[in-house]
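Undergrad: This is the structure I have questions about; it appears just below.
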Amino acid sequence: MVDKYEDPFVRIASMIGGDEYLKVARSLLKAEDATDEEIASSTGLRINMVRKVLYDLFGKSLITGIRVKDERKGWFVYRWRTRREEVEHFIENQKKKITERLQQRLDYENASDFYHCGNEDCPRVTFENALDGMFKCPSCQNVLNLKKNDKSRKAYSKKIDEIKKDMQQTF
Numbered sequence: 001m002v003d004k005y006e007d008p009f010v011r012i013a014s015m016i017g018g019d020e021y022l023k024v025a026r027s028l029l030k031a032e033d034a035t036d037e038e039i040a041s042s043t044g045l046r047i048n049m050v051r052k053v054l055y056d057l058f059g060k061s062l063i064t065g066i067r068v069k070d071e072r073k074g075w076f077v078y079r080w081r082t083r084r085e086e087v088e089h090f091i092e093n094q095k096k097k098i099t100e101r102l103q104q105r106l107d108y109e110n111a112s113d114f115y116h117c118g119n120e121d122c123p124r125v126t127f128e129n130a131l132d133g134m135f136k137c138p139s140c141q142n143v144l145n146l147k148k149n150d151k152s153r154k155a156y157s158k159k160i161d162e163i164k165k166d167m168q169q170t171f
């Protein structure tokens with residue numbers, strides 16, 4: 001369980017992947033330059049799970065790995081270190097991606113007409129699909145009518161504005 005006072009790196013790791021990520025992130029904060037074996041030992045997770053988490057966090061640029069030769073074993077190992085300074089950048093990138101997806105969806109909503117039969121269990125249908133089905137609902141066969149999608153448009157616009165406002169406040 002993550003509390004609101006936890007390090008931002010740990011909170012983000014937990015949001016990305018849950019308990020395994022939380023354990024690995026906490027272990028990385030306690031022991032800088034830890035190997036995957038040391039992390040597995042301190043967390044109680046299997047080595048392949050630890051590696052999966054480390055590679056994912058590495059791919060998101062939240063940690064870095066330094067390749068060093070293990071003097072006892074004679075082979076190369078990675079020592080992992082957090083990149084806590086990248087957490088804010090990661091969050092901003094995620095917000096940008098979400099905003100772009102929401103904007104694409106809003107553009108689709110604005111460019112399309114939707115039809116619906118009035119039954120809550122039935123899906124709304126695009127004009128092309130309504131025309132193909134002779135304006136009969138594909139689920140219940142009732143007549144399809146033009147459905148205003150103002151509620152969806154407003155919801156998407158509001159969320160986009162909220163995220164953009166939040167992004168401006170952080171800079």
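So the sequence shown is numbered by full-length UniProt numbering: it starts at 1 and just counts up by one. For glycine and all other residues, C-beta sits at the position ideal for the given N, C-alpha and C.
(1) Check N110 in the structure and name its three-state DSSP category.
(2) Do you know how far the Cα of Y21 is from the Cα of S14?
(3) Give the range of the beta strand (DSSP E) segment to which Y78 is assigned.
(4) Specify the secondary structure class of V143 as computed by DSSP and reduced to three states.
(5) Determine which residues share a DSSP beta bridge with A34 and list them.
(6) What three-state label does DSSP hand K97 in the structure shown?
(7) Check the DSSP bridge columns for V125 and list the partner residues they point to.
(8) Can you find the residues in the same chain that come closer than 8 Å, C-beta to C-beta, to G118, ignoring five residues on each side of it along the sequence?
TA: In short:
(1) The residue you call residue 110 lines up with position 110 of the sequence shown. DSSP places N110 in helix when its eight states are reduced to three.
(2) Reading the sequence shown from its first residue, position 14 is the one you call residue 14. Reading the sequence shown from its first residue, position 21 is the one you call residue 21. For S14 and Y21, the distance between alpha carbons rounds to 5 Å.
(3) Here residue 78 refers to the residue found at position 78 of the sequence shown. Note, Y78: beta strand (DSSP E), 76-82.
(4) Your numbering for residue 143 matches position 143 in the sequence shown. If DSSP states are grouped into helix, strand and coil, V143 belongs with the strands.
(5) On the sequence shown, residue 34 is found 34 positions in, with the first residue counted as 1. For A34, which the question treats as bridged, DSSP gives the partners W80.
(6) Translated into positions along the sequence shown, residue 97 becomes position 97. In this structure, K97 counts as helix in the three-state DSSP scheme.
(7) As a position in the sequence shown, residue 125 is number 125, starting the count at 1. Bridge partners of V125: Y115.
(8) Your numbering for residue 118 matches position 118 in the sequence shown. So the qualifying residues of the chain are N142, N145.
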